[in-house]
Amino acid sequence: MKTKQNFIIYFVFVSASILFLYLEQFTHIEFFLHLAAIPLEVLLAVFIVERMLAHREIKEKRKELMFIKSYLFRSELRSLFISNFTALKYPAIDFTTLKNASLEELIDIRKMAESIEYQSDEAVELVIMEYVEKKNIWQQFMERAINFNFEEIVEDMIYILHFIQDVKLFKERHPDKLFITAARNNTYLMKKMETVLHDGIQKFLDYAIELKLKQPDIFQELLEDYELCCQVKFGN
């Protein structure tokens, strides 16, 4: 609807400018040239203002999304990320290290996380099942991303939900078997699993870096929550 209204406005201004140009050609009165320039100048101003407002809106939405992610990471998704990080063999990352890391150290850790290795199949399976249990959270996050018009996030959520469905179908047919075992015998499933689990680690670190830069207080609170939860859960 808004796009249609904008098109009508642009059409009216351009038509007015063309009309004044035609009148100048027909009457040879230069004043019409000045009149022809006015609609184009107004149109340019409108375009610039619209771009500025759109940029501001996107900035506000990204800020709001940051707070939504903070809520999700500190509540519904906390156990998932803790399982994923504690299952790592390389790089071995604990939340106390992340909490006390400088921005440069966080960036170095993120680079290390480009190559990920897990401790065991059983540890990986626990992470996979955390993803399945959080299906409704991924769906809700996808809906928010759709409302904010963040296509990249929507695509990520769809990919995760497809992976979850693959796991659920496998578990329905083979309730006593590990999904990771089947994935090792199927290149497509293995790629999907690694993409989802590895992205979980990498996206968390990306978000930690973003918070460290823009919201250091929230960064500290987030990592303190994770550190405390790990101490309670593992007694360290």
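Take any residue in the sequence shown, note its place counting from 1, add 25, and you have its number in the numbering used here. Quick reminder that beta carbons are idealized off the backbone N, C-alpha and C, glycines included.
field: CB contact flag (M167, M182, <8 Å)
entry: Contact flag set, yes.
query: Beta-carbon separation of I205 and E158 under 8 Å?
result: Between I205 and E158, the CB-CB gap reaches or exceeds 8 Å.
- prompt: With respect to the beta strand (DSSP E) encompassing K114, which residues constitute its N-terminal and C-terminal limits?
  reply: Its beta strand (DSSP E) spans residues 113 to 115.
query: Residues in its own chain within less than 7 Å of K94 by CB, not counting five upstream and five downstream?
result: If we look at K94 and ignore the five residues flanking it on each side, its Cβ neighbours are Y232.
message: Tell me the rounded alpha-carbon separation between A138 and L186.
response: Near 23 Å, if we compare the C-alpha coordinates of L186 and A138.
task: Would you list the one or two residues that DSSP bridges to Y143?
output: Answer by DSSP bridge pairing, in chain order: L113.
query: How many angstroms separate the CA atom of L236 from the CA atom of S145?
result: The straight-line gap from Cα to Cα measures roughly 31 Å.
In chain order, each alpha helix (DSSP H) run of at least 4 residues that lies wholly inside the segment 115 to 140: Runs found: 120 to 125, 128 to 137.
- request: Tell me, to the nearest whole angstrom, how far the beta carbon of R135 is from that of I234; I am working on the premise that it is less than 8 Å.
  value: So it is a contact: roughly 6 Å between Cβ atoms.
query: What separation, rounded to the nearest whole angstrom, lies between the Cα atoms of Y96 and Q164?
result: Computed Cα separation, rounded: 16 Å.
message: Am I right that L230 and L131 are in contact with their C-beta atoms under 8 Å? What's the rounded C-beta distance?
response: Their Cβ separation, rounded to whole angstroms, is 7 Å, which keeps L230 and L131 in contact under 8 Å.
task: Identify, in the order they occur along the chain, each residue of the same chain with its Cβ nearer than 7 Å to the Cβ of S104, setting aside the five sequence neighbours on each side.
output: Annotation for S104: E155 place their beta carbon closer than 7 Å to its own, counting only its chain and skipping 5 residues before and after.
query: Taking the alpha helix (DSSP H) that N161 falls in, what are its first and last residues?
result: Boundaries of the alpha helix (DSSP H) around N161: 160 to 173.
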